[in-house]
Amino acid sequence: MAAGGYAPQGRGANYEARVTGFVICTCLIAATGGLLFGYDLGISGGVTSMEPFLKKFFPSVLQKQSEAAAHDSAYCKFDSQLLTLFTSSLYLAALVASFVASVVTRIYGRNFSMFVGGLSFLLGAILNGVATGIALLIAGRLFLGVGVGFANQSVPVYLSEMAPAKIRGALNIGFQMAITIGILVAGLINYGTAKIEGGWGWRVSLALAAVPAVIMTVGAYILPDTPNSIMERGNPEKARQMLQKIRGTVNVDAEFQDLVDAVQEAKKVENPWANILEPRYRPQLVLCIVIPFFQQLTGINVIMFYAPVLFKTLGFGDDASLMSAVITGAVNVAATIVSIYSVDKVGRRVLFLEGGIQMFLCQIAVGVTIAIKFGLDGVGVLSKGDANLLLFFICAYVAAFAWSWGPLGWLVPSEICPLEIRSAGQAINVAVNMIFTFIIAQVFLAMLCHMKFGLFFFFACFVAAMTVFVYFFVPETKNIPIEEMNQVWKSHWFWGKYIPDEAVIGLTVRRLEERDG
Ligand code: BGC
Numbered sequence: 002m003a004a005g006g007y008a009p010q011g012r013g014a015n016y017e018a019r020v021t022g023f024v025i026c027t028c029l030i031a032a033t034g035g036l037l038f039g040y041d042l043g044i045s046g047g048v049t050s051m052e053p054f055l056k057k058f059f060p061s062v063l064q065k066q067s068e069a070a071a072h073d074s075a076y077c078k079f080d081s082q083l084l085t086l087f088t089s090s091l092y093l094a095a096l097v098a099s100f101v102a103s104v105v106t107r108i109y110g111r112n113f114s115m116f117v118g119g120l121s122f123l124l125g126a127i128l129n130g131v132a133t134g135i136a137l138l139i140a141g142r143l144f145l146g147v148g149v150g151f152a153n154q155s156v157p158v159y160l161s162e163m164a165p166a167k168i169r170g171a172l173n174i175g176f177q178m179a180i181t182i183g184i185l186v187a188g189l190i191n192y193g194t195a196k197i198e199g200g201w202g203w204r205v206s207l208a209l210a211a212v213p214a215v216i217m218t219v220g221a222y223i224l225p226d227t228p229n230s231i232m233e234r235g236n237p238e239k240a241r242q243m244l245q246k247i248r249g250t251v252n253v254d255a256e257f258q259d260l261v262d263a264v265q266e267a268k269k270v271e272n273p274w275a276n277i278l279e280p281r282y283r284p285q286l287v288l289c290i291v292i293p294f295f296q297q298l299t300g301i302n303v304i305m306f307y308a309p310v311l312f313k314t315l316g317f318g319d320d321a322s323l324m325s326a327v328i329t330g331a332v333n334v335a336a337t338i339v340s341i342y343s344v345d346k347v348g349r350r351v352l353f354l355e356g357g358i359q360m361f362l363c364q365i366a367v368g369v370t371i372a373i374k375f376g377l378d379g380v381g382v383l384s385k386g387d388a389n390l391l392l393f394f395i396c397a398y399v400a401a402f403a404w405s406w407g408p409l410g411w412l413v414p415s416e417i418c419p420l421e422i423r424s425a426g427q428a429i430n431v432a433v434n435m436i437f438t439f440i441i442a443q444v445f446l447a448m449l450c451h452m453k454f455g456l457f458f459f460f461a462c463f464v465a466a467m468t469v470f471v472y473f474f475v476p477e478t479k480n481i482p483i484e485e486m487n488q489v490w491k492s493h494w495f496w497g498k499y500i501p502d503e504a505v506i507g508l509t510v511r512r513l514e515e516r517d518g
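Just so you know, we're using my numbering here: the sequence shown kicks off at 2 and counts up by one.
This is the structure in structure tokens:
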């Protein structure tokens, strides 16, 4: 009952598509957009644990740390709203930018948004690298945020539209793969720059964000736009040619006709923002809000941003803390490969459900281990064995996230919306993701201070809730052509009642006409 059991039967069943080198190359280049986001996610935790950086910009935090070392609970020694604002300001900027990006993406094309994102990110990297005061530092973070907002709004949609349905999951997860590579590379760079004599290593860490920015900007400049976007912007002949090129065949009539229909539907819509609120788009609206919310409430960014701080809190040495961040980063990359291989075979739901259960169990194990070994007042000491056990559970948790909610949090919202609300839906997805990334980045250190190990139980409750939610409300979307997705909702036990018959009737009539020649 809970699984949406729709299999493509309309024109989608007649789509002809080879997996061309061209489509793989364009998708690989576009996916590098994820590097921007990943590099950011990975770099700030390490930088904010470097003493010279704190001394220059946040001397009060340093002072608090040494006081805490003397008498306070170790759980609280990093708690500073100003310090977390450095990490989280970026996500506020990204949130606002994603709405602007949705308009740019629709009117000027997906690749243009990627280009704007790359440029803004480049500017942010330069400002951060040369920052002499907190104002420039935050200004740089805001430009980086605009870059992330534009990239995250446009890249997943680009990938989902370019990819043939049967490998859409794998190609789209290229984005998440780039995110995880960005995080890992950032961790390695922090590990190296922390050792630079003279205390300016943090500058190198921040300025190197220019590298993914240049890759993305140049990449977006040379990439073609998707046939869907070319068509939406009124150029059917060019759209057909692009479709033929990416599908590696001249026989693209079935898919092209679906594009024509999708654009006709989209044309009826004057304002995608008002439209997405209509009852017929309720499933898409709900999932574009709930999926990113739940993705962040897995608590993943507690590990991604603050792994070094967390491990330091638990008594790991400076070097060991940065190294553990590299280990979790490597697990994150490796486990993402698992989802690339399996997402179009076992489907989205299996990954969501297995990942949820594994994350839940690991979080409980981490909470219990910290509670027993480290104590309520945070004055306990972890033995080497305990520390390794903890690292093991954290890695198993990261792996589960990396093959489930990590990639699917970007894939599913980008593939469930029809063309007329796709840009708006993706902007909502990015915005909600960013709000909760911001909130968690902002309150984590305070939460750790007050909730202590209970923090892990807090996130475990959300993971349990989201797993039940997926079981009942998220239909399977593997192998369904993107412009045929309405059928999935229509045949769903719960969402079906929101979808009016007209929304799928056109398809049925056409199918009958085609059958009867
Ligand atoms: C999430 C990020 C997270 C990353 C970890 C992404 O999908 O959106 O918030 O840090 O995965 O790999």
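Note that the Cβ used here is the ideal one computed from N, Cα and C, for glycine as well.
Span separating the alpha-carbon of residue i from that of residue j
i           : j           : result
residue 64  : residue 469 : 45 Å
residue 98  : residue 121 : 11 Å
residue 56  : residue 148 : 28 Å
residue 19  : residue 239 : 19 Å
residue 294 : residue 356 : 16 Å
residue 92  : residue 32  : 20 Å
residue 1   : residue 337 : Residue 1 lies beyond the range of the chain shown here (2 to 518); nothing can be said about it.
residue 144 : residue 127 : 10 Å
residue 351 : residue 424 : 27 Å
residue 262 : residue 335 : 40 Å
residue 546 : residue 449 : This structure gives no information on residue 546, because the portion of the chain shown stretches from 2 to 518.
residue 418 : residue 200 : 48 Å
residue 396 : residue 189 : 17 Å
residue 227 : residue 171 : 17 Å
residue 376 : residue 184 : 31 Å
residue 292 : residue 358 : 17 Å
residue 129 : residue 138 : 5 Å
residue 472 : residue 150 : 30 Å
residue 3   : residue 163 : Residue placement at residue 3 is poorly supported in this model, since its pLDDT is 49, which falls under 50; the coordinates still yield a value, given next. Those two C-alpha atoms are separated by around 29 Å.
Beta-carbon separation (whole angstroms), residue i vs residue j, contact threshold 8 Å
i           : j           : result
residue 415 : residue 101 : That pair is no contact at about 18 Å.
residue 112 : residue 224 : 5 Å
residue 288 : residue 349 : Residue 288 to residue 349, Cβ: 11 Å. No contact.
residue 221 : residue 119 : 6 Å
residue 174 : residue 304 : The pair is not a contact, with the Cβ atoms about 20 Å apart (cut-off 8 Å).
residue 428 : residue 103 : 4 Å
residue 485 : residue 345 : Wrong, their Cβ atoms sit about 16 Å apart, outside the cutoff.
residue 249 : residue 21  : 4 Å
Closer than 6 Å: residue i CB and nearest ligand 3 heavy atom
i           : result
residue 311 : As for ligand 3, it is missing from this structure, which binds only ligand 1.
Closest by C-alpha distance to residue i, when choosing among the options
i           : options               : result
residue 44  : 406, 431, 335 and 207 : 207
residue 82  : 444, 177 and 229      : 444
residue 331 : 95, 182, 30 and 502   : 182
residue 96  : 132, 46, 139 and 152  : 152
residue 87  : 109, 142 and 455      : 142
residue 125 : 474, 41 and 314       : 41
residue 461 : 360, 479, 446 and 483 : 360
residue 168 : 492, 502 and 483      : 483
residue 179 : 129, 116, 333 and 146 : 333
residue 108 : 230, 129, 21 and 241  : 230
residue 177 : 269, 34, 150 and 105  : 34
residue 290 : 27, 156 and 411       : 411
residue 94  : 131, 52 and 140       : 140
Sequence-distant residues of its chain with Cβ nearer than 7 Å to residue i (five each side left out)
i           : result
residue 48  : 54, 191, 203, 206 and 207
residue 89  : 439, 442 and 443
residue 498 : none
residue 123 : 211, 214, 215 and 218
residue 297 : 434, 437, 438 and 441
residue 459 : 452
residue 84  : 49, 59 and 62
residue 105 : 113, 114 and 117
residue 281 : 499, 500, 501 and 504
residue 329 : 304, 308, 395, 396 and 399
residue 154 : 99, 102, 103, 106, 114, 427, 428 and 431
Proximal residues to residue i (C-beta, below 8 Å), its chain only, five neighbours per side dropped
i           : result
residue 301 : 399, 402, 406 and 407
residue 278 : 286
residue 324 : 192
residue 274 : 425
residue 245 : 251 and 253
residue 266 : 419, 420 and 421
Neighbourhood of residue i by C-beta distance below 6 Å, restricted to the same chain and skipping five residues each side
i           : result
residue 490 : 284, 496 and 500
residue 454 : 368, 371 and 372
residue 480 : 166 and 167
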